[in-house]
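Inspection log for the structure reproduced underneath, given as structure tokens.
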Amino acid sequence: MLEPFVLRKNFDFIQQFLSFDVGLQNELDKIWYFWNLGTTVTSIVDHSHFFHIKVEDPRLARLFFITSVYASCSSAERRDLWAGLHQISLSMDGPWLGGRDFKVIAHNGKRTSRNTRDSDTSNFAYMMMDLASQMQGILERVRDAEYRVDEAELDHERDHYPSHRDILHQAQAVLYRTLFIYENFWK
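Position one of the sequence shown corresponds to residue 1396 (our numbering), numbered consecutively onward.
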């Protein structure tokens, strides 16, 4: 839960009201996390602009990290935010989830009610657009490769020609390579 706008003294009440066993809040009381027993959450970095935690759960294959950002709109404070996030990125050894309404950071108009573009945030906005287009391209390639394998399997099941088997093996190889690229995208 981000930016609860609730007094710190109400933290326990909110935790119970939402039926969570455990809760954690950052030093500035702007970012709250709640979870149930069985999950282990460890505070890694409590920064003035973000809260970074490690989450471990025996029901999941591996641990993961969450960084919730509570950023100010000033460019000086954003530089401090980016530097802190960069430091975290250097030590990551698992999946990492970041959360915040980054449009507020990337577009002055979101906080000033004007249609403006701040040059300080342009690089971030372009990076987010690049990431989204890369992700879309990867997902489309995975979908297409899976479709080609499905078609090749049907052809091979209908007619057991050696050429159909070769086409199936080639389609499977393309799918495996595409999935490898997809998995490395998230590392």
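Every residue gets a Cβ at the ideal spot worked out from N, C-alpha and C, and that includes glycine.
Measuring straight from C-alpha to C-alpha, what distance separates residue i and residue j?
i: H1564; j: F1459; result: 35 Å
i: V1537; j: Q1567; result: 11 Å
i: R1495; j: Q1420; result: 16 Å
i: R1543; j: A1456; result: 29 Å
i: I1409; j: K1449; result: 22 Å
i: D1488; j: L1402; result: 35 Å
i: H1551; j: A1540; result: 16 Å
i: R1473; j: L1549; result: 54 Å
i: D1561; j: R1553; result: 14 Å
Output yes or no for whether 9 Å exceeds the beta carbon distance between residue i and residue j.
i: V1464; j: G1418; result: no
i: D1407; j: E1422; result: no
i: H1559; j: A1547; result: yes
i: I1483; j: I1426; result: no
Taking the alpha carbon of residue i as the reference point, which residue from the options has its own alpha carbon closest?
i: H1444; options: G1532, D1452, I1461 and L1480; result: L1480
i: I1461; options: E1546, D1561 and F1446; result: F1446
i: V1375; options: P1557, I1533, D1550 and Y1556; result: The chain is shown only over 1396 to 1582; residue 1375 falls outside these bounds and no answer can be derived.
i: Y1577; options: E1535, I1426 and R1474; result: E1535
i: S1414; options: I1439, N1405 and W1430; result: W1430
Using DSSP bridges, identify the partner residues of residue i.
i: E1546; result: Note: E1546 sits in no beta bridge, so no partner.
i: E1451; result: T1435
i: T1462; result: H1447 and G1493
i: L1419; result: Y1428
i: V1440; result: H1447
Report all residues from its chain with a CB closer than 7 Å to the CB of residue i; omit the five preceding and five following residues, and keep chain order.
i: L1574; result: V1537
i: D1424; result: R1403
i: A1471; result: none
Can you list, in chain order, the residues of its chain whose CB lies under 6 Å from that of residue i, leaving out five sequence neighbours each side?
i: W1491; result: F1460
i: T1435; result: E1451
Could you name the residues of the same chain whose beta carbon sits closer than 8 Å to that of residue i, not counting the 5 residues immediately before and after it, in chain order?
i: P1453; result: G1433
i: F1428; result: At residue 1428 the sequence reads Tyr, which differs from the Phe that was named. M1396, G1418, L1419, Q1420, V1436, F1446, I1448, I1461 and S1463.
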